[in-house]
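Here is the structure we will look at.
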Amino acid sequence: MHKDLLYDKKDPFSLENYAQGLLNKSLRDLYGKDLKNEYSGKGKLGQLVESLHFGYKPNSNSEPDFLEAGVELKTTPIKKNSKGLVSKERLVFNIIDFEEEYKFSFNESSFWKKNSLLLLLFYLYENDKCDIDYIFKIARLWRFPLTDLKIIKDDWNTIVGKIKSGNAHEISEGDTLYLGACTKGSTALKSNRNQPFSTQKAPQRAFSLKSKYLNFIISKSLKGDFNLTKLDDEYLHFLKVDNNPLKEPSSGYGNLFDNTEPIIKNISEYKKGQTFEDVILEKFSKYYDYSEQELITEFNLNINLKAKNKNFVIVKSILGISKEKIEEFEKAEIEIKTIKLEATGTLKESMSFAQIKYKEIVNEDWEDSYWYNKLTKRFFLVIFQKDKENIARLKKAMFWTMPTQDLKVAYKFWTQTKTNIKNGDYENFWQLKNHNICHVRPKATNSLDLMETPQNTLEKKKSYWLNSEYILKQIQND
DNA sequence: GCATGATCATGC
DNA sequence: GCATGATCATGC
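Going by my numbering, the first sequence opens with residue 1016, and the numbers climb by one from there.
Now the structure itself:
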């Protein structure tokens, strides 16, 4: 029988229903006898679902896969970790055509035309399985709730803004919150493309959805909530009108985790022209010059000044969050860092990151490395400065992402570090004085605290650090 | 005075 | 038990 007789290709819910026929099965379970050898292998699972299950030829054009229903089919992996099922990687959408995308408004953009309504298929990735044996776990329609769409639209504007200013080569995934622009292509050099407002070549990039954002879709789905955000008047109105506060409450989708709470419950909380980050910074600016103790008193917090999560608790209070986590920061994978300046304005301490896992870094590629992934995140820097009485006072807050030219230095640093470790050299890493951005430094319980190496020896635990001087420069540039 | 090494306190 | 955020101690 012709496959499209099994579903109504004009009806999203019929497609969703048909897709759910994959649940708890693998492609081999369903289509084993039809599978040719050429199909076994890697990376083509999405195409196989399209051809085998839905019975149509995969396209890569600018229209949604199911044009009449306006539905784009996406197949993406989840994995098991200690917390349960989570997204394995970012969800990659269409490649950004630098020469075209900037000509449109968000509403008419390639991204929105293709991806406004998604049919998401999540399968369970397992290390040593063939792709046709992966089991499908979630099949659902997805439309971005309005509070999220607002952020996604701002993200899209940020990305397109870089194209318009001739800076497509300086786009970083950390520039944006939910919608990213990830690199796509075999090697960075091969995938270089022209951009309209600069002679510089820019690495090819695709729109993508951050991995942590997907966790919310997964969590919601596993709880059995498959409600599709309605395409109502409010939604349509938002798409048409730029940055216009709306009067009607947003349907939203509430809290996906019980201990998580959004800062912005309704897009009417945005003033005209404001982005999400503008709102956050405005909230913080009200508390500039408050001392730590004054903030604790102001918000009636029951913490002492030595508590390790002190700064996070203060940040949450300023943002009006009483639950454990901040929904938008979670989804956007925003990293909060506090910085304490001396009264003179200097910065004594460098910023430390995780310990270098000696056995892991030697097998990493740059773009899946710990260091690359950390540095391409969006950071939220909360800066205190000591006053004459040595009391730390909130000086300012800012969002920050490492500029791409600095990321190139970080790449050199990472390459050198990896080479050293491969060679069993644990003494000659980049140091604070040598270079201007990052260095390796010990971080452990004490000097007897050791970690195994690829050489099966034990070495002192050391971490990735960003140089204090560099951090200070970034703060001053803001 | 500053770079580097070292370690503490907390909380998961 | 240990990673992490934070900060101290030393020695050039």
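For glycine and all other residues, C-beta sits at the position ideal for the given N, C-alpha and C.
Proximity below 8 Å, CB of residue i to CB of residue j
i     : j     : result
L1494 : W1415 : Lying before the first or after the last residue shown, residue 1494 is absent from the chain, which here runs from 1016 to 1493.
N1338 : T1275 : Just to set this straight, residue 1338 is Lys in the shown sequence, not Asn. Yes, the pair counts as a contact, with Cβ atoms nearer than the cut-off.
L1136 : K1089 : yes
K1199 : I1279 : no
A1154 : A1347 : no
K1129 : F1108 : yes
D1146 : K1072 : no
T1391 : E1188 : yes
P1277 : E1343 : yes
E1467 : Y1373 : yes
Y1302 : I1333 : yes
A1523 : F1113 : Within the shown structure, residues of the chain are numbered from 1016 to 1493, placing residue 1523 beyond reach of any answer.
T1212 : G1181 : Going by the sequence as given, residue 1212 is Phe instead of Thr. Yes; because the gap between Cβ atoms is below 8 Å, this pair is in contact.
T1091 : R1158 : no
L1106 : S1223 : yes
S1478 : K1458 : yes
L1134 : I1233 : no
L1481 : I1436 : no
S1483 : E1364 : yes
I1376 : T1432 : yes
Closest residue to residue i among the options (Cα-Cα distance)
i     : options                    : result
D1023 : Q1370, R1043, G1047, G1070 : G1070
F1299 : L1316, K1287, K1411, N1209 : K1411
I1398 : H1450, S1306, M1417, K1448 : S1306
Y1138 : K1475, N1471, Y1149        : Y1149
N1405 : F1253, T1162, L1356        : L1356
K1165 : V1175, L1192, S1180        : L1192
N1122 : L1133, K1168, V1175        : K1168
E1078 : S1131, E1284, G1335        : S1131
Q1210 : E1116, G1335, L1481, R1408 : E1116
D1080 : K1095, P1092, S1066        : S1066
S1236 : F1291, I1371, I1093        : I1093
K1401 : I1354, G1061, K1437        : I1354
Y1485 : V1294, L1362, K1389        : L1362
V1455 : N1438, W1386, N1492        : W1386
DSSP state of residue i mapped onto helix, strand, coil
i     : result
H1454 : strand
K1199 : coil
F1126 : helix
E1309 : helix
G1099 : strand
P1264 : Residue placement at P1264 is poorly supported in this model, since its pLDDT is 34, which falls under 50; the coordinates are not used for a value here.
N1259 : At N1259, the pLDDT of 39 sits below 50, so the modelled position is not reliable; the number obtained from the coordinates is stated separately. Three-state DSSP puts N1259 in coil, outside helix and strand.
P1027 : helix
S1365 : coil
Y1250 : helix
K1389 : helix
Q1400 : strand
A1034 : helix
F1344 : helix
Start and end residues, beta strand (DSSP E) containing residue i
i     : result
G1061 : Where G1061 is concerned, there is no enclosing beta strand (DSSP E), although the alpha helix (DSSP H) it sits in stretches over 1060 to 1063.
V1328 : Note, V1328: premise wrong, no beta strand (DSSP E); alpha helix (DSSP H) at 1325 to 1334.
L1021 : Premise fails: L1021 is in no beta strand (DSSP E) and is neither H nor E.
E1467 : 1465 to 1467
N1207 : 1207 to 1210
E1339 : It is not in any beta strand (DSSP E) - E1339 carries neither H nor E in the DSSP assignment.
Buried or exposed (CB count within 10 angstroms, at least 16 for buried), residue i
i     : result
G1195 : buried
T1434 : exposed
V1086 : buried
V1064 : buried
Q1215 : exposed
S1367 : exposed
A1183 : buried
D1170 : buried
L1271 : Caution is warranted here: a pLDDT of 46 is assigned to L1271, below 50, making its placement in the model unreliable, and the coordinate value is therefore given only provisionally. Under this definition L1271 is a buried residue.
F1028 : exposed
E1141 : exposed
G1230 : Residue identity check: residue 1230 is Asn in the sequence provided, not Gly. Buried, by the Cβ-count rule.
T1162 : buried
V1256 : exposed
Host alpha helix (DSSP H) of residue i (start-end)
i     : result
K1238 : Taken as a continuous stretch (DSSP letters only), K1238 belongs to no alpha helix (DSSP H), as it is neither H nor E.
K1177 : 1161 to 1179
Y1046 : 1042 to 1046
T1430 : 1419 to 1437
S1120 : Per DSSP, S1120 belongs to no alpha helix (DSSP H) and is neither H nor E.
S1283 : Segment: none, S1283 is in no alpha helix (DSSP H) and carries neither H nor E.
N1482 : Premise fails: N1482 is in no alpha helix (DSSP H) and is neither H nor E.
S1300 : 1291 to 1300
I1376 : 1373 to 1376
K1476 : Here K1476 belongs to no alpha helix (DSSP H), and DSSP marks it neither H nor E.
Any non-hydrogen atom of the ligand MN within 7 Å of residue i CB
i     : result
L1310 : The model depicted lacks the ligand MN and carries no ligand whatsoever.
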